[in-house]
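Reading the sequence shown from the start, the letters are residues 1126 to 1556 in this note's numbering.
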Amino acid sequence: MIDKVNTPLFGINVVGYIRGEFGLGESSRAQIRSIKAGDIPHAICNIDSTSHGNGDNTFTNEFTNENPYAINLLNFNAEAMPEFLDNIGENYLKGKYNIGYWAWELPTFPPEWEWLFQYYDEIWVPSGYCAEALSVVSPVPIVKIMHSINLPAQKLTREETIIPDGQGGETHFPKDKFIFLFMFDFHSTLARKNPLGVIEAFKRAFRSNNQDVTLMIKFSNSKHYPAELELVKQAAKSHPSIQFIDARLPKDVVNALFYNSDCYVSLHRAEGFGLTMAEAMYYGKPVIATGYSSNVEFMNTGNSFLVQYDLIKVVKDSGSYKKGNIWADANVEHAAALMHYVFHNYQAAQQVGLRGAREMKEILSPLTIGKKIRHRVEHIMSKIALDSQQNQASELQANAWKQTAQELQEELRKSQLEVKQLKAKLRLIQV
1126 MIDKVNTPLF GINVVGYIRG EFGLGESSRA QIRSIKAGDI PHAICNIDST
1176 SHGNGDNTFT NEFTNENPYA INLLNFNAEA MPEFLDNIGE NYLKGKYNIG
1226 YWAWELPTFP PEWEWLFQYY DEIWVPSGYC AEALSVVSPV PIVKIMHSIN
1276 LPAQKLTREE TIIPDGQGGE THFPKDKFIF LFMFDFHSTL ARKNPLGVIE
1326 AFKRAFRSNN QDVTLMIKFS NSKHYPAELE LVKQAAKSHP SIQFIDARLP
1376 KDVVNALFYN SDCYVSLHRA EGFGLTMAEA MYYGKPVIAT GYSSNVEFMN
1426 TGNSFLVQYD LIKVVKDSGS YKKGNIWADA NVEHAAALMH YVFHNYQAAQ
1476 QVGLRGAREM KEILSPLTIG KKIRHRVEHI MSKIALDSQQ NQASELQANA
1526 WKQTAQELQE ELRKSQLEVK QLKAKLRLIQ V
């Protein structure tokens, strides 16, 4: 661990997948927006992802490899630290107060990752759910700092929104249909994101001959998971109103998907935060989601539609989510009933969505989160200053003891010399 900071300059060095077109990338950019809103000096260090797109250029002009400030904020999960050390190097961490920003989805933190705490002075997490999981094993402080949400106003209509299809072509929103939307990344695992549950709920809620409704599922990185992709396609093939968007999309198009859909659905088994749900709510969309894990940090029965669930064991390893852990199994029948309700009672559902939008813009605004970050940074800087003073006092005391010891040694040497001289005189007298 870091004992003291050599350059206690107020501010944060933000490290992360700043250009990343995936959840952790958006998380990093959200932190930067909050830090800017909190008027905190900062530097930005980008790490390009090797498994996701790196096309977001929002903060590219601010990139630097320098880290002049006292605090490093490392926006990547625990298991990514070895890759950071290989690419950026351990020197980046030396003499700094190092904070990790981790989002872990299950109630038990992987024991094989616990050794990584040694690189950090504290960990920030986006929810109380994450904090509970980490605090059981963490030797360093765990602090809840939620993601901020700040999306641009949308002006594109459905007809104006062009959606790349991933094969060089384009697709468009279905006209005059009620659209349920769900998004996921295959890298986040099919088992945890549970698109099969969403498909099943939609099929139970709406017959295949219903021409008024569409389920649009946008996903990415399917080429790495052909077997799982086939499961998704097979689940949907009996219902002609299920549409897939298999492509990486720029953020402005993703935002247009949120804005031009009618309802967002997520029957996840566990979430580290639930960014897509928060973003859909920001645009005032009714959101139907599993009432479990980090998304209930900002979702409740007043601002969204929470799906009942049973806690079940993970039956087989799925990426980092190991067999024997616990997560939620959303009640598909309840989800179907909620989808049916929202479709047939959209005016009432919209009021719930608008309430959610107001709350997102209040509790998750960059200014709100920025103030919390600034307060924490001020506390850390005070601690650094106190530790520095204590270190200086200890050094002064040690030097004083050293000086005293040297003086005593000198006096002892003089005394020994005097004794030696007296003994020599006595020998002369005896002679």
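For glycine and all other residues, C-beta sits at the position ideal for the given N, C-alpha and C. This one's a predicted model, so the numbers in the text were calculated from it and none came from an experiment.
- [ ] Give me the Cα-Cα distance between ILE1565 and GLY1163, rounded to the nearest whole angstrom.
- [x] This structure leaves residue 1565 out entirely; the chain is present only between 1126 and 1556.
TODO: Using the Cα positions of GLY1399 and LEU1489, report the straight-line distance between them to the nearest angstrom.
DONE: 13 angstroms
Open item on the list: Taking the straight line between their C-alpha atoms, what separation do you get for PRO1166 and ILE1160?
Closed with: 8 angstroms
Open item on the list: Residues in the same chain with beta-carbon distance under 7 angstroms from MET1419, minus the five sequence neighbours each way, listed in chain order, please.
Closed with: Strictly speaking, residue 1419 in this sequence is Ser, with Met absent from that position. Apart from the 5 residues on each side of it in sequence, SER1419 sits with its Cβ closer than 7 angstroms to the Cβ of PRO1251, SER1252, TYR1254, CYS1255, GLU1396, GLY1397, PHE1398, GLY1399 in its chain, given in chain order.
- [ ] Specify the secondary structure class of SER1363 as computed by DSSP and reduced to three states.
- [x] Coil at SER1363, not helix or strand.
Open item on the list: Please report the straight-line C-alpha distance between LEU1134 and ILE1169, rounded to a whole angstrom.
Closed with: LEU1134 and ILE1169 have their alpha carbons spaced roughly 15 angstroms apart.
Open item on the list: Between ARG1394, ASN1385, ASN1380, GLY1416, which has its C-alpha nearest THR1401's C-alpha?
Closed with: ASN1380
TODO: Could you say if the stretch 1265-1272 and the stretch 1457-1477 meet the contact criterion of at least three C-beta pairs nearer than 8 angstroms?
DONE: no
Open item on the list: Spatial neighbours of PRO1264 within its chain, please: C-beta separation below 7 angstroms, excluding the five flanking residues on both sides.
Closed with: When the five nearest sequence neighbours on each side are left out, the beta carbons in the same chain lying within less than 7 angstroms of the beta carbon of PRO1264 are those of PHE1242, in order along the chain.
- [ ] Assign SER1452 to one of three DSSP states: helix, strand, or coil.
- [x] Position check: residue 1452 holds Trp in this sequence, whereas Ser was assumed. Shown here, TRP1452 sits in a strand according to DSSP, grouped into three states.
- [ ] Could you spell out the range, first to last residue, of the beta strand (DSSP E) harbouring HIS1469?
- [x] That residue, HIS1469, is in no beta strand (DSSP E); its alpha helix (DSSP H) goes 1457-1469.
Task: the stretch 1297-1306 in contact with the stretch 1340-1360 per 3-pair CB rule at 8 angstroms - done: yes
TODO: Find the nearest neighbour of LEU1392 within the set ALA1453, ARG1373, ALA1510, judged by alpha-carbon distance.
DONE: ALA1453
Open item on the list: Per DSSP, what are the beta-bridge partners of SER1391 in this structure?
Closed with: Answer is ALA1414.
Task: Backbone CA spacing between LYS1328 and HIS1364 [nearest angstrom] - done: 7 angstroms
Task: According to DSSP, residues forming a beta bridge with LEU1306 - done: Bridge partners of LEU1306 according to DSSP: MET1341, TYR1389.
Open item on the list: Let me check one thing: in DSSP terms, what residues is LEU1198 bridge-paired to?
Closed with: VAL1139, ILE1224
- [ ] State the DSSP-derived secondary structure class of SER1540, mapped to helix, strand or coil.
- [x] helix
Open item on the list: In whole angstroms, give me the CA-to-CA distance for ALA1155 and PRO1320.
Closed with: 26 angstroms
Task: Where LEU1218 sits in the DSSP three-state scheme - done: Three-state result, LEU1218: coil.
Task: Residues of its chain near VAL1130, where Cβ-Cβ distance is below 7 angstroms and the 5 sequence neighbours each way are ignored - done: Note that VAL1130 scores a pLDDT of 47, beneath 50, so its modelled location is shaky; the value from the coordinates is reported in the next line. Once the five neighbours on either side are set aside, the close Cβ partners of VAL1130 are ALA1195, GLY1220, LYS1221, TYR1222, ILE1509.
Open item on the list: Buried or exposed, going by whether 16 or more other CB atoms sit within 10 Å of the CB of GLU1355?
Closed with: exposed
Open item on the list: I need the DSSP call for ASN1346, collapsed to helix, strand or coil.
Closed with: It is coil, neither helix nor strand.
Open item on the list: Measuring alpha carbon to alpha carbon, tell me which residue in ILE1324, GLY1136, ILE1494 is nearest LYS1358.
Closed with: The shortest Cα separation from LYS1358 among ILE1324, GLY1136, ILE1494 belongs to ILE1324.
Task: Exposure of ALA1473, with buried meaning 16 or more beta-carbon neighbours within 10 Å - done: exposed
Task: Spatial distance of THR1189 from GLY1145 (CA atoms) - done: 16 angstroms
Open item on the list: Applying the 10 Å Cβ sphere with the 16-neighbour rule, what's the burial state of PRO1236?
Closed with: exposed
Task: Bounding residues of the beta strand (DSSP E) (the contiguous stretch that carries VAL1250) - done: It spans 1247-1250 - the beta strand (DSSP E) in which VAL1250 sits, taken as one unbroken run.
- [ ] Report back the beta-carbon spacing between TYR1417 and ALA1482 to the nearest angstrom; my notes put them in contact at under 8 angstroms.
- [x] The C-beta distance from TYR1417 to ALA1482 rounds to 23 angstroms, too long to fall under 8 angstroms, and the pair is not in contact.
Open item on the list: By alpha-carbon positions, which one of SER1333, LEU1382, ALA1352 ends up nearest to LYS1362?
Closed with: SER1333
Task: Supposed close pair PHE1468, PHE1303 - CB separation, criterion 8 angstroms - done: 6 angstroms
- [ ] Note down, in chain order, each residue of its chain lying with its Cβ closer than 7 angstroms to the Cβ of LEU1492, except the 5 sequence neighbours on either side.
- [x] ALA1162
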